[in-house]
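For the sequence shown, the numbering used here assigns the number 1054 to the initial residue and increments by one for each residue that follows.
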Amino acid sequence: SPTEYAKQHLPRFDTMPWTAPVFDDRSITADPMLICMSSLAGTDAQGKYKEASCTCMTEQGTAYDLDQPQCRTIAKRGPVYNPYRQQRE
């Protein structure tokens, strides 16, 4: 069912997309990573006022929805430690 399909893709931890049940028995083919960008409220380059915002994307450039406090934490401190990610030389 569509509901069961959606449940299988919900991560157990919001900040770690690879923890979704759908990945439990699959071989890893990518290293999921979140990149978040945060801005404070204020005037933009066109002189218009903008509210504070925070947006996250995956390493594939797709939007990833997180609540604002989690998004700001990743934007400020970087992503959470991923023990499955391969080291790059």
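All residues carry an ideal CB built from backbone N, CA and C; glycine is no exception.
Owing to the predicted nature of the structure, the values given are computational and were not obtained by experimental measurement.
Reduced DSSP secondary structure (H/G/I, E/B, other) of residue i
i     : result
T1068 : coil
A1116 : strand
T1126 : helix
T1056 : helix
Q1145 : Any answer about residue 1145 is impossible in this case: the structure gives the chain only from 1054 up to 1142.
One or two residues paired with residue i in a DSSP bridge
i     : result
G1095 : K1103
M1090 : T1108
Residue i versus residue j - alpha carbon distance
i     : j     : result
K1103 : R1130 : 23 Å
E1112 : R1138 : 12 Å
Buried versus exposed call for residue i [16 or more other C-beta atoms within 10 Å across all chains shown]
i     : result
I1127 : buried
Y1117 : buried
P1070 : buried
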